[in-house]
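Okay, so here's the structure we're looking at.
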Amino acid sequence: MSKYFYLTTLLPLIGFLINGMFGKKINNEKISGTISSLLVFIPFLIGVGTLFELMGMPADQRKIVLNYFSWIATGNLNLTYSYYIDPLSISLFLIVTGIGFLIHVYSIGYMHGDKGFAKFFCFLNLFIFAMLNLILGDSFLVIFLGWEGVGLASYLLIGFWYEKKFTGDAAKKAFVMNRIGDFGFMTAMFMIFANFGTLNIQEFLGKIGGMGINTPLLIMIALLLFVGACGKSAQIPLFTWLPDAMAGPTPVSALIHAATMVTAGIYLVARTSLLYALAPVAQTVVLVIGIATAVMAATIALKQDDIKKVLAYSTVSQLGFMFIALGTGSYYVAVFHLITHAFFKALLFLGSGSVIHGMHEEQDITKMGGLRKYMKVTFITFFIGSLAISGIPPLSGFFSKDEILYKVFTNAGIFPYALVLMTAAFTAFYMFRLVALTFYGKERFDHHHVHPHESPATMTIPLIILAILSAIGGFMGLPHFLGPNVLEHWLEPVFANANTVLATIHPEHEHALSTELILVAVSVIVAAASIIISFKKFSKQETFPEAKGFAKVLERKYYVDELYDTAFVFSIRELSEILLWKVVDINIIDGIVNGLGKWFKRLSVDWRKIQTGIIQDYTTISVAGIVIILLYIIFKM
Amino acid sequence: MIPNILSLTIFTPIVLALVILFMKKENETMIKWYAMIVSLIPFVLSLVLFFTYNPANADYQFVEKWKWITALNSYYYLGIDGISMLLIVLSTFIMPLCIMASWNTIKTRVKEYFFLLLMLEGALIGVFSSLDLVLFYIFWEFILIPMYFMIGIWGSDDRIYATVKFFLYTMFGSLLLLIGIIWLGFLCQPMIGEFTTDLTRLVMVSPSIAADKQIFLFILFTLSFLIKVPLFPFHTWLPDAHVQAPTAGSVILAAVLLKMGTYGLLRFSLPLFPAGFVAMTPYIAILATIGIIYGALVSIVQKDAKKLVAYSSVSHLAFIVLGTFALTAEAMQGGVIQMINHGLSTGALFLIVGMLYERRHTKLIAEYGGIMKVMPVFSVIFMLVVFSSIGLPGLNGFIGEFLVLIGSYKSANLGTPVYTILSTTAVIFAAVYLLWMFQRVMLGPIENEKNKDLKDISKLELASIIPLVIFIVWIGVYPNTFLSKTETSVKKIIENFEKYKPKVTETTPNGTTPPPVK
Chain S
0 MSKYFYLTTL LPLIGFLING MFGKKINNEK ISGTISSLLV FIPFLIGVGT
50 LFELMGMPAD QRKIVLNYFS WIATGNLNLT YSYYIDPLSI SLFLIVTGIG
100 FLIHVYSIGY MHGDKGFAKF FCFLNLFIFA MLNLILGDSF LVIFLGWEGV
150 GLASYLLIGF WYEKKFTGDA AKKAFVMNRI GDFGFMTAMF MIFANFGTLN
200 IQEFLGKIGG MGINTPLLIM IALLLFVGAC GKSAQIPLFT WLPDAMAGPT
250 PVSALIHAAT MVTAGIYLVA RTSLLYALAP VAQTVVLVIG IATAVMAATI
300 ALKQDDIKKV LAYSTVSQLG FMFIALGTGS YYVAVFHLIT HAFFKALLFL
350 GSGSVIHGMH EEQDITKMGG LRKYMKVTFI TFFIGSLAIS GIPPLSGFFS
400 KDEILYKVFT NAGIFPYALV LMTAAFTAFY MFRLVALTFY GKERFDHHHV
450 HPHESPATMT IPLIILAILS AIGGFMGLPH FLGPNVLEHW LEPVFANANT
500 VLATIHPEHE HALSTELILV AVSVIVAAAS IIISFKKFSK QETFPEAKGF
550 AKVLERKYYV DELYDTAFVF SIRELSEILL WKVVDINIID GIVNGLGKWF
600 KRLSVDWRKI QTGIIQDYTT ISVAGIVIIL LYIIFKM
Chain P
0 MIPNILSLTI FTPIVLALVI LFMKKENETM IKWYAMIVSL IPFVLSLVLF
50 FTYNPANADY QFVEKWKWIT ALNSYYYLGI DGISMLLIVL STFIMPLCIM
100 ASWNTIKTRV KEYFFLLLML EGALIGVFSS LDLVLFYIFW EFILIPMYFM
150 IGIWGSDDRI YATVKFFLYT MFGSLLLLIG IIWLGFLCQP MIGEFTTDLT
200 RLVMVSPSIA ADKQIFLFIL FTLSFLIKVP LFPFHTWLPD AHVQAPTAGS
250 VILAAVLLKM GTYGLLRFSL PLFPAGFVAM TPYIAILATI GIIYGALVSI
300 VQKDAKKLVA YSSVSHLAFI VLGTFALTAE AMQGGVIQMI NHGLSTGALF
350 LIVGMLYERR HTKLIAEYGG IMKVMPVFSV IFMLVVFSSI GLPGLNGFIG
400 EFLVLIGSYK SANLGTPVYT ILSTTAVIFA AVYLLWMFQR VMLGPIENEK
450 NKDLKDISKL ELASIIPLVI FIVWIGVYPN TFLSKTETSV KKIIENFEKY
500 KPKVTETTPN GTTPPPVK
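So the sequences go chain by chain: S and P. First residue of the first sequence: 0, per numbering that gives the first Met the number 0; consecutive thereafter. First residue of the second sequence: 0, per numbering that gives the first Met the number 0; consecutive thereafter.
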């Protein structure tokens with residue numbers, strides 16, 4: 000199957016071109032949508048075929064390198080455009096194309112009637128193309144091509160409804176913040192190339208294998224790559240773009256800003272896991288940033304009233320969880336949570352889209368309530384998703400989150416564990432605040448203008464499929480006291496080298512099964528308690544008084560946007576305008592140039608007086624000149 | 000193969016331009032078509048150059064050499080390597096597009112305009128193919144005349160100020176260059192046995208000139224080139240010239256004229272004065288780094304779209320300078336491809352601003368907003384060009400920037416990665432100023448009544464910009480088409496440098512110390 004693998008990126012690219020160039024001419028939603036969806040579904044099938052091909056190989060040889068063409072060849076740089084398929088990349092490949100396909104189908108319903116329908120699918124296919132390159136790239140540069148490509152797609156889709164004022168700001172903010180991350184990514188590539196002479200990831204990992212623990216160079220590279228990861232995966236301090244990115248259509252939020260693109264940072268760290276294993280300092284930084292982001296975003300989510308904003312901050316927080324897993328050296332757990340999160344968060348976003356759709360573009364949950372009787376499928380699936388993210392067994396989120404909690408407890412200690420557990424409690428709390436305010440309680444919307452209704456089948460079927468996946472997806476990573484951990488086993492060869500290094504640094508102490516069971520019990524009780532408290536509190540809430548004190552700080556997102564605006568945006572603009580442009584350019588440099596010009600002009604005015612126009616004067620001067628020259632020659636001799 | 004193809008390429012536009020002088024000035028359509036057809040001849044000839052050029056051969060190719068000014072031992076000496084070949088192709092490629100862009104926009108003195116345009120083209124090709132310093136100097140100076148008139152006659156309101164400034168700056172540079180050429184000839188005279196301005200002979204002996212004199216000569220040559228680039232702090236003529244120049248003038252200025260400066264560095268400053276090059280590297284690297292960041296920051300706050308693009312040029316061109324002084328194959332190749340890229344992207348940006356200007360007669364960003372709604376096709380092209388200029392991988396701009404940065408990071412000549420790391424911040428600022436401009440012009444609701452019924456891009460406008468777009472994508476996806484043409488030439492420059500460098504340090508151990516005179 001890998002023989003046809005080039006089609007997996009080529010087809011979405013073709014879809015992008017078809018809808019981009021002929022979308023207006025086709026002018027048929029069904030055709031545009033179907034073409035686009037199919038061009039994502041076929042790659043999914045090829046991916047499944049390739050998965051079986053990999054499974055047929057011996058575990059430690061499960062990798063396929065596909066070299067396509069020489070992309071950039073000059074000097075010592077010889078960069079081949081090639082893909083690397085291994086258990087990690089194929090897993091994410093299936094998530095992206097699988098969920099991507101479902102969201103394409105959903106979008107046919109959601110975007111119905113939008114005048115930019117074809118354009119929307121054009122951009123979605125572009126995104127899939129770029130995202131697959133990001134996952135499959137064999138070298139940092141091909142990954143970076145995808146990395147920037149998804150950034151472009153994200154920019155285009157956030158700003159999709161360009162006539163609204165704020166979408167442009169949100170789109171630009173997303174791109175620029177990602178570029179700050181790219182600065183780290185690029186500098187890391189320069190360092191890698193300068194020191195290892197290659198940009199190929201496997202070659203690079205092969206070369207660092209023998210280096211010592213915590214070599215400054217490796218720490219620097221790891222940290223710089225992590226800066227890139229922070230940008231793409233919305234971690235502190237580069238997280239503020241993601242909530243704003245909700246300005247885009249909801250399927251985009253589900254696909255790009257929840258399930259796939261934002262997990263690229265996690266993928267990058269997992270892909271280079273050996274580097275982080277060799278640089279425990281950097282790995283600790285990943286852990287700390289992960290915890291800080293998880294806590295901060297979860298607390299903000301407690302006080303948001305926009306249904307998508309709650310989910311956005313939830314995403315930031317959950318991405319923090321994944322980084323926590325990476326920071327504790329449990330790479331496969333991060334991927335596990337990435338996968339389950341892709342299921343339930345895509346579900347939740349699509350559910351919120353269905354709500355928004357049914358509520359005529361209303362996003363404020365204080366103006367909803369009691370919707371469960373109007374939209375049954377949406378409600379049930381959303382409820383399942385909420386249980387899954389809260390960590391209620393046996394839904395998928397339970398397994399992956401529990402694994403993270405366990406790893407934090409054993410690898411990082413009790414204090415980080417307490418923080419993460421608290422965040423898990425917040426997660427359950429804000430999710431059921433959302434569920435209660437949206438689907439339960441009094442109907443707070445205006446019945447004359449709003450007639451809530453269930454969405455069409457193209458939207459509800461993807462919801463049902465994702466709900467099933469969210470429910471059962473966790474069984475691929477069962478804790479070992481329950482059964483075989485399929486996913487861990489599958490990803491084992493990918494992380495084998497990193498795990499060997501980690502084992503030499505701090506040998507894993509065996510924990511008693513009882514510890515593990517106690518931890519499970521604690522987290523389930525905490526989650527269940529949070530759900531009950533939250534549900535009780537909010538299902539009856541009818542008035543929404545203005546927030547005060549710390550609640551206000553949370554509602555205003557810790558004033559981070561305001562801080563960035565003054566500290567960076569405003570100051571850079573003022574510096575550039577007043578100091579650089581007006582003072583340096585116009586006053587100093589131009590002042591000197593124009594001053595010189597004036598000086599020459601004055602000089603020439605004075606000298607002009609010599610040009611009297613009288614022949615006699617000229618003759619006198621000429622003769623004088625000749626005499627001087629003659630005298631010079633005579634005396635010289 | 001066509002004999003004397005370089006001379007043909009230079010002189011067909013110049014000689015055939017003279018015919019325009021005998022045409023009736025009322026006959027504008029005929030003049031335009033004539034200019035268009037004439038401009039296609041050198042383009043076809045340069046394509047022949049492109050396809051028959053042998054990239055494996057490091058020597059100058061298509062050489063023509065005749066004795067010319069016997070008193071000075073100056074030659075009519077032409078020949079090209081991969082770098083000059085690409086720049087010639089760029090010049091002849093841009094020119095028909097400029098004629099299209101001028102088709103409906105130049106309404107006064109049509110005859111003179113197209114005459115000057117063709118003269119300019121011939122001179123440009125001459126600059127890039129001269130291997131004799133006097134010949135080079137003549138072409139170099141000749142360029143000033145048509146450019147001076149183009150801004151001065153067909154420019155906007157403040158054109159006189161802009162032309163005077165442009166003239167002052169470049170004349171100052173040219174003067175230094177002339178002094179440098181003469182002095183160099185005299186210094187090399189004892190070693191060669193006669194005074195000559197033949198570059199290939201001078202290059203063999205000039206590296207053995209004493210280091211302090213080399214530094215002086217280097218400054219004389221390089222200042223003139225850096226003004227042309229223009230590198231901070233010699234850049235202030237550029238924004239004024241661009242803002243005042245007609246669209247086609249801006250396109251030529253940005254796409255080709257500025258490259259004369261960066262080309263001069265590669266062709267003359269570097270091979271002639273290796274000791275001076277090494278000694279001055281830190282200063283110029285600092286200026287380049289400042290220029291990269293400074294140009295980007297000042298772009299952010301521009302209110303005039305054209306001025307914004309002009310300042311972004313200051314930033315983009317400094318990358319080329321940095322790449323040249325890094326002296327690694329990757330960085331210099333990046334610099335060369337960046338010369339082409341900047342020609343394509345910034346050329347396209349000026350065309351785009353020109354199209355907006357034709358519709359609304361203003362370049363102020365604040366006058367626009369929401370244009371995407373009324374000009375959908377235009378907006379696609381605009382966006383693509385913006386992202387090319389931002390340096391999005393998959394488009395051309397990235398290739399140049401990335402190669403310059405990755406090559407300069409490990410550069411022994413620069414000696415430190417600090418310049419590279421600082422310059423990399425420009426990837427952030429470039430996104431800020433370009434996306435912000437795009438947002439203010441294209442996105443949001445239409446608030447200005449005058450923008451409500453602007454016409455989308457016309458067929459003629461499309462024809463003028465689509466060729467640029469094609470190569471913007473081509474270079475991004477498969478840069479090897481072009482990189483492979485210049486690889487040996489760049490490597491030869493580096494090789495020669497390495498060959499002559501040790502000699503320099505032997506004869507003058509203080510060759511690497513900073514110059515005593517500033």
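C-beta: ideal position from N, C-alpha, C; glycine also. Quantities reported herein were computed from a predicted structural model and do not represent experimental measurements.
Spatial distance of residue i from residue j (CA atoms)
i: Ile319 of chain P; j: Ile339 of chain P; result: 11 angstroms
i: Pro451 of chain S; j: Ser529 of chain S; result: 29 angstroms
i: Phe43 of chain S; j: Leu123 of chain S; result: 15 angstroms
i: Ile71 of chain S; j: Asn77 of chain S; result: 6 angstroms
i: Ala228 of chain S; j: His256 of chain S; result: 14 angstroms
i: Ile9 of chain P; j: Tyr76 of chain P; result: 13 angstroms
i: Leu125 of chain S; j: Phe348 of chain S; result: 21 angstroms
i: His447 of chain S; j: Leu6 of chain S; result: 51 angstroms
i: Ile614 of chain S; j: Ile620 of chain S; result: 10 angstroms
i: Thr280 of chain P; j: Ala325 of chain P; result: 8 angstroms
i: Tyr432 of chain P; j: Gln301 of chain P; result: 9 angstroms
i: Gln282 of chain S; j: Gly326 of chain S; result: 5 angstroms
i: Tyr408 of chain P; j: Thr327 of chain P; result: 10 angstroms
i: Val485 of chain S; j: Leu477 of chain S; result: 8 angstroms
Selection from the options that minimises the alpha carbon distance to residue i
i: His315 of chain P; options: P:Ala244, P:Met354, P:Phe141 and P:Leu296; result: P:Leu296
i: Phe116 of chain S; options: S:Gln317, S:Thr33 and S:Leu53; result: S:Thr33
i: Val559 of chain S; options: S:Thr186, S:Ala296, S:Val95 and S:Gly183; result: S:Ala296
i: Glu52 of chain S; options: S:Asn27, S:Gly74, S:Phe225 and S:Pro86; result: S:Pro86
i: Gly294 of chain P; options: P:Leu86, P:Ile427, P:Val126 and P:Leu143; result: P:Ile427
i: Glu541 of chain S; options: S:Gly368, S:Arg61 and S:Lys29; result: S:Gly368
i: Phe92 of chain S; options: S:Leu131, S:Lys536 and S:Lys231; result: S:Leu131
Closer than 8 angstroms to chain P by CB, residue i
i: Tyr312 of chain S; result: no
i: Met110 of chain S; result: no
i: Glu360 of chain S; result: no
i: Asp445 of chain S; result: no
i: Thr186 of chain S; result: yes
i: Trp606 of chain S; result: no
i: Ser81 of chain S; result: no
i: Ser69 of chain S; result: yes
Below-8 angstroms beta-carbon distance, residue i vs any chain S residue
i: Met371 of chain P; result: yes
i: Gln243 of chain P; result: no
i: Lys164 of chain P; result: yes
Touch check for the region 272 to 286 of chain S and the region 204 to 222 of chain S: three-plus C-beta pairs under 8 angstroms?
yes
Which whole runs of the alpha helix (DSSP H) in the region 145 to 201 of chain S are 4 residues long or more, in chain order?
List check, alpha helix (DSSP H) in window: 164 to 195.
Go through the region 319 to 393 of chain P residue by residue and report every complete run of the alpha helix (DSSP H) that reaches 4 residues or more, in order.
328 to 359, 370 to 373 and 375 to 389
Can you give, in chain order, each stretch of the alpha helix (DSSP H) that sits fully within the region 22 to 65 of chain P and has at least 4 residues?
Within the region 22 to 65 of chain P, the complete alpha helix (DSSP H) segments at least 4 residues long are 27 to 51, listed from N- to C-terminus.
Ignoring anything shorter than 4 residues or poking outside the region 259 to 310 of chain P, list the alpha helix (DSSP H) runs there in chain order.
273 to 299
Between the region 350 to 368 of chain S and the region 246 to 253 of chain S, do three or more beta carbon pairs fall short of 8 angstroms?
yes
Hey, which unbroken runs of the alpha helix (DSSP H) at 4 residues or more fall wholly within the region 489 to 565 of chain S?
Scanning the region 489 to 565 of chain S for uninterrupted alpha helix (DSSP H) segments of 4 residues or longer gives 512 to 537, 548 to 554 and 559 to 563, listed from N- to C-terminal end.
Contact between the region 380 to 388 of chain S and the region 466 to 474 of chain S is defined here as three or more beta-carbon pairs at a separation below 8 angstroms; is this criterion met?
As far as the Cβ criterion goes, the region 380 to 388 of chain S touches the region 466 to 474 of chain S, which means the pair count is three or higher.
Threshold first: 4 residues or longer. Then list the alpha helix (DSSP H) segments lying entirely within the region 330 to 385 of chain S, N to C.
Along the length of the region 330 to 385 of chain S, whole alpha helix (DSSP H) runs at least 4 residues long occupy 330 to 357, reported in chain order.
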